[in-house]
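Asks:
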Amino acid sequence: MRWTPTAAAICFTRELHSRFFSLGRCVPVCRGGHWEALGATGRRGGGECRAEAGDRDGVYQRGMDFILEKLNQGDWVHVFPEGIGRLLAECRLDPVILPLWHGGMNDVLPNAPPYVPRVGQRITVVVGRPFSVRPLLERLRAEGTSTVSMSRVGTAQNYVSQAGQEQNCLQPPRVGTWQSCG
């Protein structure tokens, strides 16, 4: 089963939720870039997302350190594009990236109250071609590029964006929208 960084403020707010998502190999992370910016509203493992000893911001927090450790052990890790740069730059292995894109989930379960599933909606899933960024990372390392700079390289995100564009062409347009499918 895969590991995945998961929004602590959404999935780890109650003890029962924390146990449930932990059993599914979800790792609590504070989203939004800065612990301090979340203030008393962000939650983490039943507590608040506050800076504690050893905590850092964004992709440099304990949950992401744990995910990197799992990736270095060869485990399957599911990460959204925003978190992939650091993991690729610091991973000791050559992970295979399988870009996935899904669309239409908000039509099935809106991200606003009432949280009631809507049956009969269309969901589109696009699976891209597996790829490696090893040649790119080797070149950047040879050039002396720092891991922080390497983590900003958007190669993987570009592949995911391409999958998203393909998904847009497969998903029927919503009323009042326009799409170009080259």
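Mapping to the UniProt record's numbering: the sequence shown position 144 is 144, numbers consecutive. In this text, a Cβ means the ideal position worked out from N, Cα and C, and glycines have one as well. Quantities reported herein were computed from a predicted structural model and do not represent experimental measurements.
Beta-carbon separation of R2 and H78 under 8 Å?
Replies: It is a contact, given that the beta carbons lie within the stated cut-off.
Asks: Can we say the stretch 134-147 touches the stretch 64-83, given the rule of at least three CB pairs closer than 8 Å?
Replies: No, the stretch 134-147 does not touch the stretch 64-83.
Asks: Is P110 closer than 8 Å to G63 when the C-beta atoms are compared?
Replies: No.
Asks: Ends of the alpha helix (DSSP H) at A142?
Replies: Segment R134 to A142, the alpha helix (DSSP H) holding A142.
Asks: Determine the burial state of A53: buried for a count of at least 16 other Cβ atoms within 10 Å of its Cβ, exposed for fewer.
Replies: The predicted position of A53 is uncertain, since its pLDDT is 44 and thus under 50; no value can be drawn from it.
Asks: So V148 is in the alpha helix (DSSP H); what residue range does that whole segment cover?
Replies: Per DSSP, V148 belongs to the alpha helix (DSSP H) from T147 to S151.
Asks: With contact counted as at least three CB pairs below 8 Å, one residue from each stretch, are the stretch 102-109 and the stretch 81-94 in contact?
Replies: Output reads no: the stretch 81-94 does not touch the stretch 102-109.
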